[in-house]
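Student: Shown below is the structure under consideration.
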Amino acid sequence: MNGLTVVIPMHNGARWIASLISSMSSAAIEANAPLEILIFDDNSTDDSSARGIKVCQDLQLDFKVTRWDSANNAGNSSAAYMKALNSISPKYDLIALSDQDDLWLPNRILRISEAINGESNDSIHPWLYAGSSFLWDSMKSNSMPYRSRPGPLGTSHVRGPELDYRKTNFDVSVSTHNIVINRALLALLKSNPLSDFQIRHDVQMDCWLPNLASHFGKTAVDLIPSVIWRQHSTNSSGLYLQSRVRPDLIRFVIHLLKRMRSTAYMKKYLVAGEALNNKHEAFVSQNARNLNASSNLWQLSSLESRKTRRRLALSNTWKHWSIIRDFYLRLRLILMGNSMALRIQSELLKVEEN
1 MNGLTVVIPM
11 HNGARWIASL
21 ISSMSSAAIE
31 ANAPLEILIF
41 DDNSTDDSSA
51 RGIKVCQDLQ
61 LDFKVTRWDS
71 ANNAGNSSAA
81 YMKALNSISP
91 KYDLIALSDQ
101 DDLWLPNRIL
111 RISEAINGES
121 NDSIHPWLYA
131 GSSFLWDSMK
141 SNSMPYRSRP
151 GPLGTSHVRG
161 PELDYRKTNF
171 DVSVSTHNIV
181 INRALLALLK
191 SNPLSDFQIR
201 HDVQMDCWLP
211 NLASHFGKTA
221 VDLIPSVIWR
231 QHSTNSSGLY
241 LQSRVRPDLI
251 RFVIHLLKRM
261 RSTAYMKKYL
271 VAGEALNNKH
281 EAFVSQNARN
291 LNASSNLWQL
301 SSLESRKTRR
311 RLALSNTWKH
321 WSIIRDFYLR
331 LRLILMGNSM
341 ALRIQSELLK
351 VEEN
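Residue numbers (UniProt numbering): 1 to 354.
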């Protein structure tokens, strides 16, 4: 690996930023790979920027801190990541995304390097690395219980990516802090950005980037965790709230009830799905010659393209059922654990395919 650019949107992250960057430096030393750290301070009211600058200087890292004095992205990670990625000209071909309160394990960059060696990342075609992470509750003494999707059974503390392309587009999801992309995918994102409408209606970057990569390029899935995802009472967003009784389930049920009352929740998937399909059609039309010439490197084939169009052309009733089914599966995943949920999911997929 020639090097790695890391993008870190930050808001009031003074408490976490030094340990994050130190862990990144350790992983870089372990992999013998240079780092470029790009910090975007989203109008913090603490000394986040000063601490970020100090630790980068102490570790002699290549870095840049950009302050958004009038930004309003706090609490909306997709808006922050979209704004950051749209503005960068990375020094290296690979760009990793990170939350301000993560911790990188020493194997982080080594895992990415192994994925590159195992996949055809030729710096020309879009490529995405989907990693896994440990969840950690700073208010407790051990890792938090969370069922992996689709990680190995029994590893309840592991959060893995979901890249099952047999399902609807927006079942494809990778935690943003686990994503690494190349310049080609960055360019594709800049030409196919999340719109303000989609961001307002909660279409997430952790859905959008994997969908772009799965449609137009290649992905590498890594189920061995290399990031500690810290959850705490000051998270702007995340899976958990401070509670004594199954905070993940409580938050999920509240979220479910609110969203099921909102017709906008149904519309956002349909609008985003149609927008992605339109962009996909335009991209294939404009680049048909390149796609045919490099079909062995691109995951998207003409058959998959037809499947995508058929899936998006299904009736509204079926689309609504797909969303309700997704809620049902996620709830079963929490209540019954990975094994039972995956069996249920497998049966539903068989019905869908038939």
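Using N, Cα and C, we set each Cβ at its ideal position, and we do this for glycine too.
If we call anything under 8 Å between Cβ atoms a contact, is T219 one with A80?
Tutor: no
Student: Can you tell me whether T66 sits near the ligand GTP, meaning its C-beta is under 7 Å from at least one heavy atom of the ligand?
Tutor: Judged by which ligands are present, the structure shown has none, so any question about the ligand GTP falls away.
Student: Rounded to the nearest angstrom, how far is the Cβ of A84 from that of P9, given a contact under 8 Å?
Tutor: 5 Å
Student: If you compare alpha carbons, which of D206, V65, I181 and L188 is closest to S175?
Tutor: D206
Student: Taking C-beta to C-beta, are D42 and H11 nearer than 8 Å?
Tutor: yes
Student: Since S214 contacts W104 with CB under 8 Å, what's their CB separation in whole angstroms?
Tutor: Cβ atoms of S214 and W104 stay farther apart than 8 Å, at about 25 Å.
Student: If you draw a straight line from the alpha carbon of R15 to that of G52, how long is it in whole angstroms?
Tutor: Approximately 10 Å between the Cα atoms of the pair.
Student: On a CA-only basis, which of A33, P90, I124 and S23 is nearest S113? Give me that one, please.
Tutor: It is A33 whose Cα lies nearest to the Cα of S113.
Student: If you follow the alpha helix (DSSP H) that I88 is part of, which residue opens it and which one closes it?
Tutor: No alpha helix (DSSP H) contains I88, which DSSP labels as neither H nor E.
Student: Just checking my contact of S132 with H177 at CB under 8 Å: how many whole Å lie between their CB atoms?
Tutor: S132 to H177, Cβ: 11 Å. No contact.
Student: Just the C-alpha distance for L135 and D101, rounded to the nearest angstrom, thanks.
Tutor: 12 Å
Student: For D222, does the count of other Cβ atoms within 10 angstroms reach 16, so buried, or fall short, so exposed?
Tutor: buried
Student: What does DSSP give as the partner residue(s) for D5 in the beta ladder?
Tutor: With the sequence shown as reference, residue 5 is identified as Thr, and Asp is not the correct amino acid for it. The partner list for T5 (beta bridge, DSSP) reads E36 and I95.
Student: Could you tell me whether the Cβ atoms of R183 and S98 are closer together than 8 Å?
Tutor: No Cβ-Cβ contact shorter than 8 Å links R183 with S98.
Student: Do V65 and I21 count as a contact pair if the criterion is CB distance below 8 Å?
Tutor: no
Student: With the cut-off set at 8 Å, would you say G3 and L128 are in Cβ contact?
Tutor: no
Student: With DSSP collapsed to three states, give me the class of V55.
Tutor: In the three-state scheme derived from DSSP, where H, G and I count as helix and E and B as strand, V55 is classed as helix.
Student: Between the C-alpha atoms of L241 and F40, what's the straight-line distance to the nearest angstrom?
Tutor: Confidence in L241 is poor, its pLDDT being 37 and thus under 50, which makes the residue's placement unreliable; the coordinate value appears in the next sentence. If I take the Cα positions, the gap works out to 25 Å.
Student: Hey, how far is the Cα of A27 from the Cα of R108?
Tutor: 6 Å
Student: Taking its Cβ as the centre, do 16 or more other Cβ atoms sit within 10 Å of N86, making it buried, or is it exposed?
Tutor: exposed
Student: Tell me the DSSP bridge mates of I228?
Tutor: L103 and F134
Student: Is it right to say A115 is buried, meaning 16 or more other beta carbons lie within 10 angstroms of its own, or is it exposed?
Tutor: buried
Student: According to the Cβ coordinates, are L189 and I95 closer than 8 Å?
Tutor: no
Student: Run through DSSP, which three-state label would L194 get?
Tutor: coil
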